[in-house]
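Below is one structure, written out as structure tokens; comments come after it.
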Amino acid sequence: SWPRGKRWWAAAGALLAGAVGFAAGALGWRAAMAPIPRVDVSMYTAATIERGRQLAAVGNCVGCHTAPGGAPNAGGLEMPTPFGAIRTTNITPDVETGIGAWSLPAFQRAMREGIARDGRHLYPAFPYPSYTRTTDEDLTALYAWLMSQPAVRNDVAASKLAFPYGVRPLMALWNALFLQPGATAQADPARSAQWNRGEYLVNGLGHCGACHTERNALGAERTGTAYLGGAMVEGWEAPPLTAASRAPVPWTEDEFYRYLRNGYSPLHGATAGPMGPVIAELATLPDEDVRAMAHYLASFNPPVTEAQAKAAAQTAVLEARASAAMPSNASRMFSAACGACHHDGDGPRLLGANVPLALNSNLHSDRPDNLLRVILEGIRTPATHAIGFMQGFADALDDRQVAELAAWMRRRYAPSKPAWTDLEAAVARVRASASAH
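Each number in our numbering corresponds to the 1-based position in the sequence shown with 1195 added.
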């Protein structure tokens, strides 16, 4: 009869709707959120906008969303990944090519779930797995600041990822495996307010683990002992921030603070490479936030006093002096190219900080990559004025010479570490990687 048929069709329709809904979810189909007119930022207080600026500095938004020579946050920076090249998006409030038509809920969804306003899945090169922990209040402040910035029209070219990684709906499966959407930070009652603040900044908008934690085959951050345990990023080693550090002197809260605040630590060395722009942004933060980050990071390292750290540094310097290599081509090369600035304290202080090379973490690493990149590229844009400029020697030294120099420096300044192997091949690889970036 018709009533029975009606019930059948209703059940069939419900099943069909459920199947479509399941398929949509499985395939990553998400509804678009309606565009809005340009936001009137006068609705936000100056204090809220300033808070948003500070939060953008924590996340170094400008570092990824600005192409070389481009307008700040207008996108277009090409980021090489194991899955292909990703181009960063325009996050200025331009209505057509940026996020000017995005409502606050659309912005929050992108930050917490990795879904653009139009429903497209974003790639986790945009670290929404970290940003998902950010509070509503902070996301509102960040949104207010972004919307208060100049709108820049810049239609960014599409990213080019290898199949099947370029199929955006498949990101729904990735999110199901690795994302905890909206898992905002919960304070640990057993820890201090300072520790909890540092944890929130480091693991949230700061997304330190995005570089300093190894990733699995699908590009998700590993957990457990891999957390902040170091990784390779765009040809640079992001060193361990935990007790797994190879540095000759354990990191203390004060040394983390000095490094994050000034771009160098007197007991470890100066920043270089991709960390430089991060330090430049952190320099604009309130002191208490930088101190909180240092306090949190120090909790993953052996507890040592400042006096113990300085004693360990003195021991490392004395051991390096005692193992000074006999004169050689490499030692003469070092004296000519490097010795004026990188002396053992018996010469003038030139071009910024002069941290003894025996304390430089790069010379004690298991990998020579960072040392080789600094020799080849130098430090062209110091993170702070305290560091100073360093010229690169890519055009002055060939692969064999750089390999000889690096081997001598390892022997001279990290005498307790084993020699690096296949250095000439490593120099060629690093040189090629540097030119590609």
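Glycine included, C-beta positions come from ideal geometry on N, C-alpha and C.
Report buried or exposed for residue i, applying the criterion of at least 16 other Cβ atoms within 10 angstroms of its Cβ.
i: M1470; result: buried
i: E1394; result: buried
i: A1252; result: buried
i: P1198; result: Confidence at P1198 is low in this model, with a pLDDT of 41, below 50, so the placement of that residue should be treated as unreliable; the coordinate-derived value is given next. So P1198 ends up on the exposed side.
i: S1530; result: exposed
i: P1481; result: exposed
i: T1466; result: buried
i: A1511; result: buried
i: R1246; result: buried
i: E1483; result: exposed
i: P1232; result: exposed
i: A1353; result: exposed
i: R1607; result: buried
May I have the straight-line CA-CA distance separating residue i from residue j, to the nearest angstrom?
i: P1445; j: V1234; result: 48 Å
i: A1219; j: P1376; result: Low confidence applies here, because A1219 scores a pLDDT of 46, under 50, leaving its location unreliable and the question unanswered by this model.
i: H1622; j: P1275; result: Before going on, a small fix: residue 1622 reads as Val here, not His. Rounded to the nearest angstrom, the two C-alpha atoms are 20 Å apart.
i: M1238; j: F1278; result: 42 Å
i: I1281; j: G1314; result: 18 Å
i: G1634; j: L1368; result: Limits of the chain in this structure are 1196 at one end and 1632 at the other, which puts residue 1634 out of reach.
i: G1216; j: Y1338; result: Caution is warranted here: a pLDDT of 46 is assigned to G1216, below 50, making its placement in the model unreliable, and the coordinate value is therefore given only provisionally. One C-alpha to the other measures close to 31 Å.
i: P1443; j: T1420; result: 20 Å
i: R1392; j: T1329; result: 12 Å
i: A1499; j: D1449; result: Sequence check: residue 1499 is Val here, not Ala. Spanning the two alpha carbons is a distance of roughly 11 Å.
i: P1497; j: T1447; result: 8 Å
i: L1210; j: W1297; result: Only weak support exists for where L1210 lies, its pLDDT of 41 falling under 50; the value from the coordinates is given anyway. Roughly 34 Å between the two C-alpha positions.
i: S1325; j: Q1381; result: 14 Å
i: S1523; j: N1565; result: 24 Å
i: P1472; j: A1578; result: 6 Å
i: P1461; j: V1550; result: 6 Å
i: S1440; j: R1453; result: 17 Å
i: A1438; j: V1236; result: 45 Å
i: G1399; j: A1357; result: 29 Å
i: V1485; j: H1538; result: 31 Å
i: M1228; j: R1312; result: 5 Å
i: L1423; j: P1435; result: 6 Å
i: A1378; j: A1426; result: 25 Å
i: A1176; j: G1265; result: Lying outside 1196 to 1632, the shown extent of the chain, residue 1176 is not represented and no answer is given.
i: S1518; j: R1417; result: 39 Å
i: A1269; j: R1348; result: 8 Å
i: E1429; j: L1455; result: 21 Å
i: G1468; j: C1533; result: 19 Å
i: E1599; j: L1513; result: 23 Å
i: T1576; j: A1346; result: 27 Å
If residue i sits next to residue j, beta carbons under 8 Å apart, how far is it from one beta carbon to the other, in whole angstroms?
i: L1396; j: M1306; result: Rounded, the Cβ-Cβ distance is 15 Å, inconsistent with contact.
i: L1618; j: A1602; result: 6 Å
i: I1574; j: V1597; result: Actually they do not touch by this definition, with Cβ atoms about 16 Å apart.
i: I1294; j: H1260; result: With 8 Å as the limit, I1294 and H1260 do not qualify as a contact, their Cβ atoms being about 10 Å apart.
i: S1594; j: R1626; result: For the record, residue 1594 in the displayed sequence is Asp; it is not Ser. Correct: roughly 7 Å between the Cβ atoms.
i: A1508; j: L1554; result: 6 Å
i: R1605; j: W1431; result: Not a contact, Cβ separation roughly 18 Å.
i: A1262; j: G1271; result: 4 Å
i: L1317; j: G1309; result: 4 Å
i: A1493; j: F1451; result: 6 Å
i: Y1491; j: W1390; result: 6 Å
Kindly identify the DSSP beta-bridge partner or partners of residue i.
i: M1274; result: I1281
i: S1460; result: G1464
i: I1310; result: H1316
i: V1194; result: The structure shown does not extend to residue 1194, since the chain is modelled only from 1196 through 1632, so no value can be given for it.
i: A1426; result: A1433
i: M1228; result: Partner(s): none; M1228 has no beta bridge.
i: R1410; result: E1416
i: K1355; result: A1280
i: M1585; result: I1574
i: T1261; result: G1270
The ligand HEM heavy atoms versus the CB of residue i: any closer than 7 Å?
i: D1333; result: As for the ligand HEM, it is missing from this structure, which has no ligand bound.
Could you check where the alpha helix (DSSP H) with residue i kicks off and where it finishes?
i: A1241; result: 1241–1254
i: A1525; result: 1524–1532
i: V1569; result: 1564–1572
i: W1369; result: 1366–1373
i: A1507; result: 1501–1517
i: A1602; result: 1594–1608
i: M1470; result: 1470–1477
i: Q1194; result: The chain is shown only over 1196 to 1632; residue 1194 falls outside these bounds and no answer can be derived.
i: M1488; result: 1482–1493
i: T1335; result: 1331–1342
i: N1557; result: 1556–1559
What span of residues does the beta strand (DSSP E) with residue i cover, start to end?
i: A1320; result: First-last for A1320: undefined, no H or E at that position.
i: E1432; result: 1431–1433
i: V1236; result: Per DSSP, V1236 belongs to no beta strand (DSSP E) and is neither H nor E.
i: A1405; result: Premise fails: A1405 lies in the alpha helix (DSSP H), 1404–1407, not in any beta strand (DSSP E).
At a Cβ threshold of 8 Å, is residue i touching chain D?
i: G1279; result: This model lacks chain D altogether, as it is built from one protein chain only.
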